[in-house]
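Data block below; observations after.
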Amino acid sequence: MEFLEDDIKIDIAGNLKDSEVKKINLNQQQANLLQRLVNDAVNSGGPQANGTKSRVAAIATSLKVTFNPDQVKLLNNYSDGRVSALIFDGLCEISNEPLPDRLPALASIEKSMDTLRMGIRSQVLMKLVDHKAFAYDIDNESKIIRVVANYKGGGDAPLEQEPEIAELSSHSGLALGPHTEAPYWCTVKAAKGHSPAPCSLTLSAMWNPLNEPTSIIPIPTILDGLGVEACLALTSPWFQFTRSDSFVQGLGEDGRNVSVLEYDDNYGFALKFNAYRFSVMQEAPEHVAKAFEAFCDAVANSAPVQHVLTQKSVLIINNVRALHCRDVVKDNGRALIRLFGYSKYAEPIIFSEDPLLVRG
Ligand SMILES: [Fe+2]
Numbered sequence: 000m001e002f003l004e005d006d007i008k009i010d011i012a013g014n015l016k017d018s019e020v021k022k023i024n025l026n027q028q029q030a031n032l033l034q035r036l037v038n039d040a041v042n043s044g045g046p047q048a049n050g051t052k053s054r055v056a057a058i059a060t061s062l063k064v065t066f067n068p069d070q071v072k073l074l075n076n077y078s079d080g081r082v083s084a085l086i087f088d089g090l091c092e093i094s095n096e097p098l099p100d101r102l103p104a105l106a107s108i109e110k111s112m113d114t115l116r117m118g119i120r121s122q123v124l125m126k127l128v129d130h131k132a133f134a135y136d137i138d139n140e141s142k143i144i145r146v147v148a149n150y151k152g153g154g155d156a157p158l159e160q161e162p163e164i165a166e167l168s169s170h171s172g173l174a175l176g177p178h179t180e181a182p183y184w185c186t187v188k189a190a191k192g193h194s195p196a197p198c199s200l201t202l203s204a205m206w207n208p209l210n211e212p213t214s215i216i217p218i219p220t221i222l223d224g225l226g227v228e229a230c231l232a233l234t235s236p237w238f239q240f241t242r243s244d245s246f247v248q249g250l251g252e253d254g255r256n257v258s259v260l261e262y263d264d265n266y267g268f269a270l271k272f273n274a275y276r277f278s279v280m281q282e283a284p285e286h287v288a289k290a291f292e293a294f295c296d297a298v299a300n301s302a303p304v305q306h307v308l309t310q311k312s313v314l315i316i317n318n319v320r321a322l323h324c325r326d327v328v329k330d331n332g333r334a335l336i337r338l339f340g341y342s343k344y345a346e347p348i349i350f351s352e353d354p355l356l357v358r359g
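Numbering that gives the first Met the number 0 puts the first residue of the sequence shown at 0, with every later residue one more than the last.
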């Protein structure tokens, strides 16, 4: 396997001088090994099956022995939370099936063997960076795999039954401004009865007919530009957020008195933010409001790193160090597979270990 940092500079538009987005290209033997082991594992069940945890760990161990020291160093850097995103490229295609004329029903994608393969594969790659896949009780009906596709309207092309108001979530086709993943109560460690936000999310594409990109905005350079006073202001508890539309009906809630930035012993800093859900509380001091405005401006004016997802790559985004966003969905056949992961530092409130289910 080779790590081709230069590849990123060619493949991905955007500012990479801070090297916040890394890429690992699997060679053919490694890609084949991963594919074979994932295919074997999925016969015993997908990410939701009891026992998957140990099967995933065994595959990750088999794959990791083929990595050279440089690549192991890259894995360790991500594991330690020191980079914004890691792309695994050169993977085998999951399916030889032709692209369907139209997006299959959600339930049919969710239970397809290809989706389960993609889910297990993402779990293995997460395990390589010491993350474990999990689900929240309040989100996605407690399922580990989330299909991200336009089922709720708002895309460039209307659905057959286009709703009047499209839901602002990953199940719609709406553009989604820069955000970290909810919930927004805390990062890394549980607080006030809530588990932390995901430490990472993995994305891969089952279908992406128009090669629509996913955008990543690393935060370190933005914070450097803001300066120390504004960064400290962002750690104050003067921010509020609105409930995520993707939460299960009746669960999840708006929140007040949260910060945008947190100091964390392991990550150094940890971020939670959503351009369309976060605002400053009315009672906030003026310099906090100004710091938030400066932060929002810097995010809006940043040059995102873009990656086009296919079946042959998996993108892992560090959810405490980078924002992500997308434009309006142009082709309703686009379907991504998303998993959340907790790092070795996370301290959630756990309901069950295998599969890992936590309180949101
Ligand atoms: Fe997202």
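Heads up, the beta-carbon is just placed ideally off N, CA and C, and yes, glycines get one too.
Following the DSSP letters along the chain, one finds G224 inside the alpha helix (DSSP H) bounded by residues 219–225.
According to the DSSP assignment, T309 belongs to no alpha helix (DSSP H), since it is labelled neither H nor E. In the DSSP assignment, N76 falls outside any beta strand (DSSP E) and within the unbroken alpha helix (DSSP H) covering 68–78. When distances are taken from the beta-carbon of H178 to the heavy atoms of ligand 1, the shortest one is below 7 Å. The alpha-carbon of K188 is positioned some 15 Å away from that of E180. Cβ contact annotation for A174 (same chain, cutoff 7 Å, sequence separation greater than five): R325, D326, V327, in chain order.
When G154, L338, L270 are compared, the shortest CA-CA separation from L167 is found for G154. By a beta-carbon distance limit of 8 Å, P177 contacts I216. Their separation comes to about 5 Å. The DSSP-derived three-state label of L36 is helix.
DSSP places H178 in no alpha helix (DSSP H) but in the uninterrupted beta strand (DSSP E) bounded by 175–178.
By the Cβ-count criterion, L105 is exposed, with fewer than 16 other Cβ atoms from all chains shown falling within 10 Å of its own Cβ.
Rounded to the nearest whole angstrom, the CA to CA distance from A299 to Y275 is 12 Å.
Taking C-alpha positions only, K63 is separated from D253 by approximately 42 Å. Taking C-alpha positions only, C230 is separated from Y150 by approximately 38 Å.
Ranked by Cα distance from V41, the options Y77, L90, A84, K110 are led by K110. Counting along the chain, K126 sits inside no beta strand (DSSP E); it lies in the alpha helix (DSSP H) bounded by residues 112–127. Under the criterion of beta carbons closer than 8 Å, A297 and L225 qualify as touching, at roughly 6 Å. Cβ neighbours of G45 within its own chain (closer than 6 Å, five residues either side excluded): L115, G118. By the C-beta density criterion, Q29 is buried, having at least 16 other C-beta atoms within 10 angstroms.
By the Cβ neighbour-count rule, H170 is buried, with 16 or more other Cβ atoms within 10 Å of its own. Under the Cβ criterion (8 Å, minimum of three pairs), the region 333–340 counts as touching the region 191–204. Going by C-alpha positions, L322 is about 24 Å away from E140.
V279 carries a strand assignment under DSSP once its states are collapsed to helix, strand and coil. Counting along the chain, the unbroken alpha helix (DSSP H) around I58 starts and ends at 51–63.
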